[in-house]
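Novice: Here's a structure for you.
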Amino acid sequence: MGISREAAKELTRLAWPSVLALVLDQATGLTTLFFVAALDDEYLLGSVGLGAMAQNVFGFSLGMGVNSALSTLVSQGNGAGRLDLCNLALQQAQLLSLLVAVPSMFIMLYTGAFFEAVGINQRSARDAGEYVRGTIFVMPFHFLSCATRLFLRAMKLPRPPSYVSLVVSLLHPIWCYLLLHRLGAGAFGAGLTVSISYGLYFALLTAYVAVVRPAPCDVAWTPLPLDLARRRLCSCMKRFNTDARAIEAEPGFREYLRVALPSAILMWTEWWVYEAMSLLAGLCGKTALAAHTATCSWLLIIFMVPSGLGSATSAAVGHAIGAGQSEAARSSMKAGVALILGSCSVLGLLLFLGRGLAGRLFSSDAEVLAAMNVLITILVVFQLFDGIQTVLEGGLIGLGLQRGASQVKLVSMVVVRLGGAYVLAIALHVGVSGIWIAGVLGMLVTATSMQAHVGDAELTSSSRRRKFYLVPRLLAYPGQSLEPVEDAFLQRYGGRLLGGAEAERSQDAADTTDSQNFTPILFANCLIIGLSAALGGYDHGAASGALQNLVALRGLKRQGRLGPLLQGWVVASAWASNIAGNLGGYYMPTPRLALIVAGFLEAIGSLLTALAPQLWVLILGRLINGFGLGLNGVAVSQYISEIAPPNARGGAIAVQETTFVSGAFIGALVGQHFLRLKDGWRLAGLRGLGSACRV
520 MGISREAAKE LTRLAWPSVL ALVLDQATGL TTLFFVAALD DEYLLGSVGL GAMAQNVFGF
580 SLGMGVNSAL STLVSQGNGA GRLDLCNLAL QQAQLLSLLV AVPSMFIMLY TGAFFEAVGI
640 NQRSARDAGE YVRGTIFVMP FHFLSCATRL FLRAMKLPRP PSYVSLVVSL LHPIWCYLLL
700 HRLGAGAFGA GLTVSISYGL YFALLTAYVA VVRPAPCDVA WTPLPLDLAR RRLCSCMKRF
760 NTDARAIEAE PGFREYLRVA LPSAILMWTE WWVYEAMSLL AGLCGKTALA AHTATCSWLL
820 IIFMVPSGLG SATSAAVGHA IGAGQSEAAR SSMKAGVALI LGSCSVLGLL LFLGRGLAGR
880 LFSSDAEVLA AMNVLITILV VFQLFDGIQT VLEGGLIGLG LQRGASQVKL VSMVVVRLGG
940 AYVLAIALHV GVSGIWIAGV LGMLVTATSM QAHVGDAELT SSSRRRKFYL VPRLLAYPGQ
1000 SLEPVEDAFL QRYGGRLLGG AEAERSQDAA DTTDSQNFTP ILFANCLIIG LSAALGGYDH
1060 GAASGALQNL VALRGLKRQG RLGPLLQGWV VASAWASNIA GNLGGYYMPT PRLALIVAGF
1120 LEAIGSLLTA LAPQLWVLIL GRLINGFGLG LNGVAVSQYI SEIAPPNARG GAIAVQETTF
1180 VSGAFIGALV GQHFLRLKDG WRLAGLRGLG SACRV
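In the working numbering, the protein residues as written are 520 to 1214.
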């Protein structure tokens, strides 16, 4: 069967707004660099580049990864007419985004210290840290806007994000001029321009969808996950039986993460390896780094086309699978591959013919131009394979088969691309060209493996039980055996609501037998709950080293030394509130709610401890931490006794005790490291990351 003209038109309609939005987002970042470069401060320009890399790795990529499951769940749910599941997936993504934003912001606070620790000169490390601090304010809003943007694209509504991106990119030079050239805010001001623009993006996009309400957003979209949070809290407290039963009947966060984590790995591996390539290029010398950076700029511009087409393919395939239209899904995949082959061929030819001009736009140095001439030639081949694997990846995400694809991509990116780049560029002294040759090999392996994944899948549907199977191979090899794979969305996410109840009942008998033993699932549950005990042990072990560092370096802004009385307050405050937490645990309606409340308290207390500007703030943070630990001490034992059968209860409690001792041991080791760092006592607040993750 040939390429469907209707499918190609549909993909083009969905792709061009996404491509435009991506180009405008890239233009916004380049505008910031342009205004920074106009200040004629080479340290500041390099620092902003370092800060942008840290911002991408520790900030923006996490937000995109948490929300990545929406491409599968919303597109398939909308195709199946299940707008209730679309709304549920959106609220789960939003709630997880807000939770992930907290540790992300905490990590980004120490970007400057990280760069200084790995050997970056002090001025550049400090400015990079200031730039990242300027972007911290917008992280929760940016994560929420990522959820809305992916939701709209999966709903086949890609135009609103592109309109908002256009407005934001037009206003961005104003913020850059005011903060950088009028106010002279430096690296922190450059970060603030990003915060202002992304905050404006969130406000405009949310306002547009809330006011215009394009169908079916009037039913499936919500600006904040308030309804889901309310229902989850009601379920924990068991006060409203109707809500509790409804919650039990709907997919939970575990089902969402089963789809989100593989999707996130697909993105994180390529994104983080791309950033690591710049570090390797820096080891090859100044000329190599300059040529590599300029070539990467062209790669980013070209990549907007495959990225937009990949998201369009994901939406089209997901809708077709949700509606049970296997022919439409097949046509969309074939049209996507055909369009990307044509687009990348044209773009590659233009880039190859104009490679001299492409180099002169970034540099006039003869050595840099010679290196760029070679790299752009390799880039022509690289972007072809990159485009193919991006579209195939989008199709697999639409099908719900991202788990296998993520495993393949993890190996090809880390082992083939990153490992090959190190061997060729550093070990064999090929230079920066070796980095790009390894990139071509990595993309070739990825594209071939994903093509095989699609080729092994079939796309038929069973109307009786509403379960869709991945059927005729789109790029199949002759003679291959067909192996039906059940759709990940219906199998993992909507099993109860979309016809999986029969399969669940048939499994109940075996589950009942297994539940009487200390099974791997029970061990995993106890280990996760035992994380609470591990965090408590970590706090006890790390406190000694942190206190010595605080006393020796007088890290707080106060006069004089930290005397014995104040040292006692710092230590005893946590133990005093720990007693109150133990007593308060008996008044909580359920141990599950107690664990959630304790996790929030520990995260807040750790954040106050880490950021304390004055001694009283530090003591307040320790008080809140101690209360949370006391609440944990009661709730963990109760919860384990509830989930463990009588003959497995001893092993479950042993897991809890082991995690506590292990946490104390790790905390003691880390506490000794605090002594060598200025303000190292603040790093004791890292335990808040574990508390937030546990919640």
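Even for Gly, the Cβ is constructed at its ideal location relative to N, Cα and C.
Should the segment 774-790 be regarded as contacting the segment 856-863, the criterion being three or more beta carbon pairs within less than 8 angstroms?
Specialist: No: fewer than three Cβ pairs fall under 8 angstroms.
Novice: Consult DSSP for Gln844 and reduce its assignment to one of helix, strand or coil.
Specialist: Gln844: coil per DSSP, three-state reduction.
Novice: Quick check: the Cα distance between Asp905 and Ala1154, rounded to an integer number of angstroms?
Specialist: About 50 angstroms.
Novice: When the Cα atoms are used, what is the spatial distance from Met962 to Val933?
Specialist: Near 11 angstroms, if we compare the C-alpha coordinates of Val933 and Met962.
Novice: Pairing CB atoms from the segment 683-695 with CB atoms from the segment 619-637, are three or more of them under 8 angstroms?
Specialist: The segment 683-695 vs the segment 619-637: no contact.
Novice: Rounded to whole angstroms, what's the CA-CA distance from Asn1097 to Ala779? Just pull it up for me.
Specialist: C-alpha separation (whole angstroms): 36 angstroms.
Novice: Counting only the same chain and skipping the five closest in sequence on each side, list residues whose C-beta sits under 8 angstroms from that of Val542.
Specialist: For Val542, where only same-chain residues beyond five positions count, the Cβ hits under 8 angstroms are Ile820, Met823.
Novice: Among Arg1111, Ile1138, Leu1120, whose alpha-carbon lies nearest the alpha-carbon of Ser1156?
Specialist: It is Arg1111 whose Cα lies nearest to the Cα of Ser1156.
Novice: Give the range of the alpha helix (DSSP H) segment to which Ile639 is assigned.
Specialist: First-last for Ile639: undefined, no H or E at that position.
Novice: Hey, could you find the ends of the alpha helix (DSSP H) His661 is sitting in?
Specialist: Note, His661: alpha helix (DSSP H), 658-673.
Novice: What first and last residue would you give for the alpha helix (DSSP H) that runs through Pro680?
Specialist: Looking at the DSSP string, the run of the alpha helix (DSSP H) that includes Pro680 is 678-695.
Novice: Between which two residues does the alpha helix (DSSP H) harbouring Gly598 extend?
Specialist: Here the alpha helix (DSSP H) through Gly598 covers 589-598.
Novice: Under the rule that 16 or more other beta-carbon atoms within 10 Å means buried, what is Gly875, buried or exposed?
Specialist: The residue is exposed, with fewer than 16 neighbouring Cβ atoms inside 10 Å.
Novice: Check Phe881 in the structure and name its three-state DSSP category.
Specialist: If DSSP states are grouped into helix, strand and coil, Phe881 belongs with coil.
Novice: Entirely within the segment 908-933 and at least 4 residues each: give me those alpha helix (DSSP H) ranges in chain order.
Specialist: As far as the segment 908-933 is concerned, its whole alpha helix (DSSP H) runs of at least 4 residues are 921-930.
Novice: Restricting to Cα atoms, I'd like to know which of Gln611, Thr909, Ile907 is closest to Ala739.
Specialist: It is Gln611.
Novice: Leu869: which of Gly939, Ala971, Glu794, Trp817 sits nearest, CA to CA?
Specialist: Looking at the Cα atoms, Trp817 is the closest of the given residues.
Novice: By Cβ distance, which residues of its chain are closer than 7 angstroms to Ala877, with the 5 residues on each side in sequence left out?
Specialist: Trp817, Leu870, Ile895, listed in sequence order.
Novice: Output the distance between the C-alpha atoms of Leu604 and Val959, rounded to the nearest integer angstrom.
Specialist: Distance between the alpha carbons of Leu604 and Val959 is about 39 angstroms.
Novice: Take the Cβ of Thr1178 as the centre, count every other Cβ of all protein chains shown within 10 Å, and call the residue buried at 16 or more, exposed below.
Specialist: Thr1178 is buried by the Cβ-count criterion.
Novice: Hey, could you find the ends of the alpha helix (DSSP H) Ser623 is sitting in?
Specialist: Here the alpha helix (DSSP H) through Ser623 covers 602-628.
Novice: Taking C-alpha atoms, which residue in Leu563, Val731, Met624 lies nearest to Ala704?
Specialist: Among Leu563, Val731, Met624, the Cα nearest to that of Ala704 belongs to Leu563.
Novice: Residues in its own chain within less than 6 angstroms of Leu676 by CB, not counting five upstream and five downstream?
Specialist: Here the set comprises Pro733.
Novice: Restricting to Cα atoms, I'd like to know which of Leu929, Val619, Phe656, Val730 is closest to Ser782.
Specialist: The candidate whose alpha carbon is nearest that of Ser782 is Leu929.
Novice: I want to know whether the segment 713-726 touches the segment 666-680 - three or more CB-CB distances under 8 angstroms.
Specialist: Touching, per the Cβ criterion.
Novice: If we call anything under 8 angstroms between Cβ atoms a contact, is Val887 one with Ala810?
Specialist: In this structure, Ala810 lies closer than 8 angstroms to Val887 by Cβ.
Novice: Between the Cα of Gly1215 and those of Gln595, Cys736, Val731, Gln902, spot the shortest distance and give me the residue it belongs to.
Specialist: Absent from the structure is residue 1215, since the part of the chain shown begins at 520 and ends at 1214.
Novice: Quick check on the DSSP output: the alpha helix (DSSP H) that includes Ala726 runs from which residue to which?
Specialist: Looking at the DSSP string, the run of the alpha helix (DSSP H) that includes Ala726 is 705-731.
Novice: Nearest-angstrom Cα distance between Lys805 and Gly953?
Specialist: Those two C-alpha atoms are separated by around 16 angstroms.
Novice: Could you check if Ile907 is buried or exposed, using at least 16 other CB atoms within 10 Å of its CB as the buried criterion?
Specialist: Ile907 should be labelled buried.
Novice: Report the three-state DSSP secondary structure of Ala739 (helix, strand or coil).
Specialist: Ala739: helix per DSSP, three-state reduction.
Novice: Starting from Ala534, trace the alpha helix (DSSP H) in both directions and tell me its first and last residue.
Specialist: First-last of the alpha helix (DSSP H) with Ala534: 524-556.
Novice: Closer than 8 angstroms is the cut-off here; do at least three beta carbon pairs connect the segment 569-576 with the segment 650-657?
Specialist: In short, these stretches touch, since the Cβ pair count reaches three.
Novice: Quick check on the DSSP output: the alpha helix (DSSP H) that includes Ala779 runs from which residue to which?
Specialist: 772-801 is the extent of the alpha helix (DSSP H) around Ala779.
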